[in-house]
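Protein chains in written order, with our numbering: chain A, 1 to 193; chain B, 1001 to 1156. We put the beta carbon where it would ideally sit given N, CA and C, even for glycine. See below for the structure under consideration.
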Amino acid sequence: MPRKLPEYNASSLADIAFMLLIFFLVTTTMDIDSGLERRLPQWVDPDDIEDTPPIKERNVFVVLVDRNNRLLVEGELTRVEDLKEKTKEFLTNPSDNANLPEKEIKEIPFFGPYQVLTKSAVVSLQNDVGTTYGTYISVQNELIAAINELREDLSKRKFGKSYNDLNTDQQDAIKEIYPQKISEAEPKKIGGR
Amino acid sequence: MSKFRKDDKKETPGISTSALPDIVFMLLFFFMVSTTMRETTLKVSITLPKATEISKLEKKSLVSYIYVGPPTNQYVSQLGNEPRIQLDDQFSNVNDIIDFIESERQAREEQERKQMITSLKVDEYTKMGIVTKIKQELRKAAALHINYSTLKGVER
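Below, the structure written as structure tokens:
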């Protein structure tokens, strides 16, 4: 008959495991990074810029943040809270106002011929060297919020579902109607000596 | 003495702790799986701005980080209070960004390079001048997909 092995004392195993646990708690992070996703335009040589055709003024929505973090929308002093409504008005042009962008008929999957803004219609976000980053981000946030709300609205009306629940083709169709066209212009000296 | 009464010294048995390591190991594995290692020590202090229209960065392996903010207390005496750029573990200049992006690219698999995202972690009170310079450098380096890192919440 084999001899019975003596049982070893496992009470310090817990201590070792606790030590490992605390090590991992300290050295790792759990936060999921999130933020405003944007795409920068391609780099163009400053010498080539001359060739771009001029865009009609009614097709550009100028949002300008100066060095004192004041917001000018199309030359008018505006509060950040009002920016979203103004952006939506620009992007839809509900009353065919002559100061708001032109529209054209375009064939869109799921929708058929649909009135969309011309390709050249763009939201131009300009800032000064002295603008605070926080303000800049809250302005960008409002612009993106306006586009997201329009997409959500359209999605509810057409498909009866939230935009996030649509499949890729349907999302693409809506993206074609409301593209996220925000141009972040080169900095200029605005407001101040 | 009654014959049914056993000896008076009745002891409560000690609680068995043999399952404690199992429980702690379970916790340990949970944290090992659900968290990620902190790769860099921050040398700049950053308070992220808040935004509502945010999207999550899904694949951490594809993200490279650029930190911008005023140096933390221990570096203030050498560098002052002006916002600085931090790449990896050191303070850098705007001109280093192209090299940084290039080396980040080399570290990734060929087919993953197109999906790379640059996350800008910038302090709320930084002036846009430095951010614009960084953006221009990123355009030159053709790292066009960026993410302005923000917290979720209603802006002031």
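Relative to Q140/A, the option among R151/A, N127/A and D45/A whose CA is nearest is N127/A. Using a Cβ-Cβ cut-off of 8 angstroms, I137/A counts as an interface residue toward chain B, since at least one Cβ of chain B sits closer than that to its own.
Buried is the label assigned to Y136/A, since at least 16 other Cβ atoms lie within 10 Å of its Cβ. CA-to-CA, the gap between Y114/A and Q1111/B works out to about 37 angstroms. By the Cβ test, the segment 148-167 of chain A is not in contact with the segment 1065-1072 of chain B, since fewer than three Cβ pairs between them sit closer than 8 angstroms. Taking a Cβ-Cβ cut-off of 9 angstroms, the neighbours of G1129/B in chain A comprise D128, V129, G130, T131 and P187, given in sequence order.
Annotated as proximal: L40/A and K1135/B, with beta-carbon spacing under 8 angstroms. For I1015/B, there is no enclosing alpha helix (DSSP H), as DSSP marks it with neither H nor E. For E81/A, the enclosing alpha helix (DSSP H) has its first and last residue at V80 to T92. Relative to the Cα of M1128/B, the nearest Cα in the group E81/A, L21/A, V62/A and N69/A belongs to N69/A. Annotation: the continuous beta strand (DSSP E) that includes L117/A extends over G112 to L117.
Under the 8 angstroms criterion on CB atoms, R157/A is classed as non-interfacial with respect to chain B.
Between A1142/B and chain A, the shortest Cβ-Cβ separation is below 8 angstroms. For K181/A, the CB contacts under 8 angstroms within the same chain, skipping 5 residues up- and downstream, are A121, V122 and V123 in chain order. Ranked by Cα distance from E142/A, the options V80/A, S183/A and V44/A are led by V80/A. Taking 8 angstroms as the CB threshold, Y1067/B stays off the interface with chain A.
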